[in-house]
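Working notes for the structure below.
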RNA sequence: GCGGGUGUGGUGAAAUUGGUAGACACGCUAGACUUAGGAUCUAGUGCUUCACGGCAUGGGGGUUCGAGUCCCUCCACCCGCACCA
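Residue numbers (the UniProt record's numbering): 1 to 921.
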């Protein structure tokens with residue numbers, strides 16, 4: 001009997017489906033393990049071989065943990081809302097719901113081909129009303145809560161109202177606007193609208209005005225990366241900034257907890273750094289500078305208050321509020337011209353050109369509160385209005401950017417760090433002793449930092465201040481294909497929709513045009529929008545990350561109508577133990593889902609405040625392109641080895657009609673009509689293609705569909721080969737040719753059970769010590785590798801194991817049965833088949849993982865490498881019990897050693913028991 | 001510029017604690033079986049040398065009896081962030 005993988009795989013996939021083999025219960029005495037993939041966006045393009053890499057890795061882990069006695073949750077679903085589907089609808093008129101269903105269906109069939117152990121009864125789709133009902137519900141939780149800084153947690157908005165009624169907002173600074181201050185009496189005197197406006201400044205989900213990129217010609221709002229140099233990427237139409245009222249999530253209140261939370265979870269250093277970088281916490285101080293002959297003050301933010309005596313000028317962002325009032329008549333024209341220049345530049349340009357130095361003097365001077373010196377006030381685009389206070393104190397001797405600016409505009413530089421400043425470039429040191437710094441002269445900078453901070457606060461001219469780069473997250477999209485907000489506006493004031501009315505269903509539309517004034521398409525559905533006189537629905541929809549911020553919770557309890565997830569169920573499953581996905585979600589999805597988890601935790605809806613205990617980022621699978629060389633102005637193609645003899649043009653050829661590097665010339669002729677009459681100049685009778693490793697992309701004809709690979713080699717081979725390619729986290733190119741090694745391995749495994757002539761050859765005889773040693777070595781290695789996700793080395797070890805058993809002619813049931821259990825996470829179909837061939841009636845999915853026993857692998861001898869001066873010259877097989885003295889004696893008697901000694905006496909002999917021998921001359 | 005990562009045969013890679021570098025595969029070479037081979041099996045395969053040997057883990061230096069592994073320094077490539085005060 002041959003290894004007929006097609007029949008085997010079909011048979012067992014059907015069987016597992018019929019028997020609900022992958023159904024997971026929430027009610028179990030076993031320890032739990034939650035293994036999760038980042039769910040896919042079901043695009044129309046389908047999967048290529050790069051996509052399933054992470055899915056295979058988690059599938060192996062899930063199956064492995066199941067064998068090890070865990071109740072394993074391993075679900076899959078779809079991130080089904082999103083822009084491309086809507087774009088497709090605009091172009092084709094096909095409703096996004098229909099496209100989405102179609103795409104999901106084809107995704108599903110591709111996934112099923114590979115034999116994953118997902119519990120599909122838990123499938124979720126973020127676009128399904130029964131799912132987004134709860135996305136809306138959680139949004140209302142965010143809307144109805146505020147961040148209590150004293151308690152460092154979110155609380156229901158009622159606790160804030162209660163506090164306002166007692167003490168106004170004393171001690172509860174307003175995160176939306178620090179200037180807002182009121183007493184209990186003030187609060188009680190406000191009408192409902194005023195009160196709700198105040199509350200809005202505290203809510204975690206809140207409304208504010210923000211700019212969007214509005215493109216009149218396309219009639220749509222564009223994402224930042226769809227705008228290039230102020231023009232739309234598609235069509236090159238002008239794009240203008242338009243202020244619109246939009247929803248935000250107050251993620252900045254959680255900045256500190258998002259930072260400290262990183263220390264409790266296992267993400268890669270790179271990933272943690274990306275998040276830290278994004279959050280961008282900095283410690284510093286705000287310092288108020290008085291302006292000469294002007295009543296206004298400038299508040300600057302600095303991380304280096306210790307350098308305050310080195311301030312040679314102040315720079316305001318060109319958009320700063322004070323610009324108009326401090327510009328002197330003499331400088332008015334120059335300032336106006338500069339501001340016009342800055343406005344003409346797109347954000348992208350302002351960010352791109354780091355080298356050119358621009359700026360303008362306002363004519364006014366500020367007064368350094370520490371030494372009374374007059375300091376010129378400049379404007380420059382390198383200071384951003386949105387960060388800190390939009391004003392900086394420039395210290396040229398310590399900051400390179402300030403230094404360059406001072407040099408460029410001939411501003412004298414004060415040296416406050418003595419020898420540490422060489423006049424050629426700034427020195428941002430924190431370890432110098434201060435000079436030219438009044439009473440602080442001679443003080444180490446770190447000490448001065450404290451002293452000056454204290455002085456700032458004593459003098460009442462400022463305070464210590466922590467700043468974050470991170471901004472609050474925009475949560476509105478002017479689009480159709482997303483979750484509607486459960487919000488209505490009564491006379492312009494936002495109110496929540498009653499929970500009982502959830503979900504607020506997305507109305508069916510057939511025209512996807514943007515609404516008036518940059519609003520989303522929903523604004524056109526007037527019957528849906530206008531509920532009553534003066535009562536309108538919110539017409540924005542939520543962004544893509546809304547549904548994905550909490551989906552891992554819904555899998556636990558996917559059919560619950562009464563709650564997003566029953567607390568008892570989330571207490572059982574808890575955090576995701578292993579989360580695998582691409583690195584591209586580093587600061588989007590992974591930060592937002594951490595935020596949502598923290599809010600739900602604070603409000604008592606779940607019992608943990610980090611969603612993912614361990615995250616692994618799988619590497620990208622690159623494409624390996626194939627090239628053919630056409631002789632110029634002909635239809636003749638020359639093989640790669642001979643191309644230098646001709647004048648040729650390089651052309652991409654579909655990798656699917658190339659075997660390794662050898663082109664199937666007949667398939668090539670059929671590939672495209674232009675090539676039907678192609679002729680070939682061959683080498684050794686073959687047409688050899690050139691190769692190039694690059695991104696996998698349809699355009700480069702180097703995509704490989706997993707369906708085709710599975711068809712040709714089977715799912716088990718495909719799964720193992722993807723893992724065999726290299727470490728999970730590393731990027732590597734796909735090379736279809738290499739798969740044959742893995743396929744041969746499975747055939748070789750099969751031959752341990754079946755002989756071509758003799759048929760089934762498994763014996764019931766007891767295993768020999770050698771056979772047991774091979775088995776137990778494999779158990780040790782493969783169990784360890786599987787736990788560490790080192791699947792490439794595990795696959796190698798399966799190969800070694802089968803090679804060794806073949807050499808030993810081992811066909812013992814006792815051994816082979818255990819090998820199958822080890823193998824089943826990797827190659828589930830063939831393992832199940834052979835498991836039944838051995839006479840087992842139950843599924844191998846429920847087998848017990850073999851237990852490693854040290855006694856079978858104990859060695860009594862070791863082939864020691866013998867080195868002379870560190871270079872290995874020979875080996876000696878010695879009993880492991882031998883001690884240094886005996887080993888040295890034996891070594892000195894060794895022929896090769898004697899030869900290398902050349903009669904000399906060794907200075908020293910190093911013997912590490914069980915490792916090596918080194919003789920030093 | 002800052003942060004993170006990676007550099008090992010023709011190719012994908014291995015080496016878990018500083019101890020025989022290149023396991024396991026692909027490819028290639030030769031051979032066996034065969035009507036046939038894109039099946040299977042056997043042997044070989046880092047570079048160099050007739051050989052003894054010498055040289056090899058991006059380059060250079062160091063620590064050590066011994067370094068792919070530790071330290072210093074430089075280079076290349078990849079990823080992320082970027083006038084962030």
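Think of the CB as a built atom: it goes at the ideal place given N, C-alpha and C, for glycine as much as any other residue.
Outcome for residue i when other beta-carbon atoms lying within 10 angstroms are tallied against a minimum of 16
i: residue 1; result: exposed
i: residue 629; result: buried
i: residue 431; result: exposed
i: residue 408; result: exposed
i: residue 343; result: exposed
i: residue 135; result: buried
i: residue 175; result: buried
i: residue 912; result: exposed
i: residue 79; result: buried
i: residue 31; result: exposed
i: residue 292; result: exposed
i: residue 872; result: exposed
i: residue 684; result: exposed
Length of the line joining the Cα atoms of residue i and residue j
i: residue 747; j: residue 645; result: 44 angstroms
i: residue 210; j: residue 99; result: 32 angstroms
i: residue 91; j: residue 513; result: 11 angstroms
i: residue 915; j: residue 854; result: 19 angstroms
i: residue 196; j: residue 262; result: 35 angstroms
i: residue 796; j: residue 236; result: 53 angstroms
i: residue 856; j: residue 718; result: 33 angstroms
i: residue 498; j: residue 120; result: 32 angstroms
i: residue 781; j: residue 690; result: 39 angstroms
i: residue 278; j: residue 469; result: 7 angstroms
i: residue 777; j: residue 26; result: 36 angstroms
i: residue 788; j: residue 200; result: 47 angstroms
i: residue 416; j: residue 429; result: 11 angstroms
i: residue 640; j: residue 687; result: 8 angstroms
i: residue 637; j: residue 631; result: 6 angstroms
Which residues DSSP lists as bridging residue i, in chain order
i: residue 467; result: 282
i: residue 653; result: 626
i: residue 215; result: 220
i: residue 244; result: 210
i: residue 314; result: 377, 393
i: residue 462; result: 287
i: residue 755; result: 759
i: residue 156; result: 145
i: residue 299; result: 288
i: residue 495; result: 488
Q. Quick one: any contact between the stretch 531–551 and the stretch 748–766, if contact means 3 or more CB pairs under 8 angstroms?
A. Too few Cβ pairs lie closer than 8 angstroms, so no.
Q) Considering only residues of the stretch 351–391, which uninterrupted beta strand (DSSP E) runs meet the minimum length of 3 residues and lie entirely inside it, listed in chain order? A) Fully enclosed beta strand (DSSP E) runs of 3 or longer: 360–367, 374–379.
Q: Enumerate, from N- to C-terminal direction, the unbroken beta strand (DSSP E) stretches of 3 or more residues contained entirely within the stretch 682–747.
A: The qualifying runs are 690–694.
Q. What are the complete alpha helix (DSSP H) segments, minimum 4 residues, inside the stretch 168–201?
A. Whole alpha helix (DSSP H) segments, 4+ residues: 184–189, 192–200.
Q.
Which runs of the beta strand (DSSP E) at least 3 residues long sit entirely within the stretch 32–96? Give them in chain order.
A. Fully enclosed beta strand (DSSP E) runs of 3 or longer: 32–37, 71–73.
Q: May I ask you to verify whether the stretch 281–298 touches the stretch 615–627, counting CB pairs closer than 8 angstroms and requiring at least 3?
A: Cβ pair count under 8 angstroms is below three, so no.
Q) Does the stretch 43–54 come within contact of the stretch 584–604, defined as at least 3 CB pairs closer than 8 angstroms? A) No contact exists between the stretch 43–54 and the stretch 584–604.
Q.
Check whether the stretch 856–868 and the stretch 819–837 are in contact - that is, three or more C-beta pairs closer than 8 angstroms.
A. The stretch 856–868 is not in contact with the stretch 819–837.
(Q) Does the contact criterion of 3 or more C-beta pairs under 8 angstroms hold for the stretch 461–474 versus the stretch 248–258? (A) By the criterion of at least three beta-carbon pairs nearer than 8 angstroms, the stretch 461–474 is in contact with the stretch 248–258.
Q.
Threshold first: 4 residues or longer. Then list the alpha helix (DSSP H) segments lying entirely within the stretch 100–149, N to C.
A. DSSP runs (the alpha helix (DSSP H)) wholly in the stretch 100–149: 129–143.
**Q.** Three or more C-beta pairs below 8 angstroms linking the stretch 98–112 and the stretch 157–175
**A.** Under the three-pair Cβ rule at 8 angstroms, the stretch 98–112 does not count as touching the stretch 157–175.
(Q) Would the stretch 374–386 count as touching the stretch 309–329 if we require 3 or more Cβ pairs under 8 angstroms? (A) Contact annotation: the stretch 374–386 touches the stretch 309–329, with at least three C-beta pairs closer than 8 angstroms.
**Q.** Three CB pairs or more closer than 8 angstroms across the stretch 353–369 and the stretch 328–342
**A.** Flag = yes, the stretch 353–369 and the stretch 328–342 touch.
Q.
Using 8 angstroms as the cut-off, can you tell me whether the stretch 448–463 makes contact with the stretch 514–534, which would need three or more C-beta pairs spanning the two stretches below that distance?
A. Contact between the stretch 448–463 and the stretch 514–534 is not established, with fewer than three Cβ pairs separated by less than 8 angstroms.
Q: Say whether the stretch 123–133 touches the stretch 68–88, bearing in mind that this needs 3 or more beta-carbon pairs closer than 8 angstroms, one atom from each stretch.
A: Yes, the stretch 123–133 touches the stretch 68–88.
Q. Are the stretch 214–224 and the stretch 152–167 touching by the rule of at least three beta carbon pairs closer than 8 angstroms?
A. Cβ pair count under 8 angstroms is below three, so no.
Q: Only counting runs of 3 or more residues, tell me where the beta strand (DSSP E) segments fall wholly within the stretch 559–636, in order along the chain.
A: Taken in chain order, the complete beta strand (DSSP E) segments of 3 or more residues contained in the stretch 559–636 are 578–581, 615–617, 621–631.
Q. Does the stretch 804–824 come within contact of the stretch 738–752, defined as at least 3 CB pairs closer than 8 angstroms?
A. Yes, since at least three Cβ pairs between the stretch 804–824 and the stretch 738–752 fall closer than 8 angstroms, the two stretches touch.
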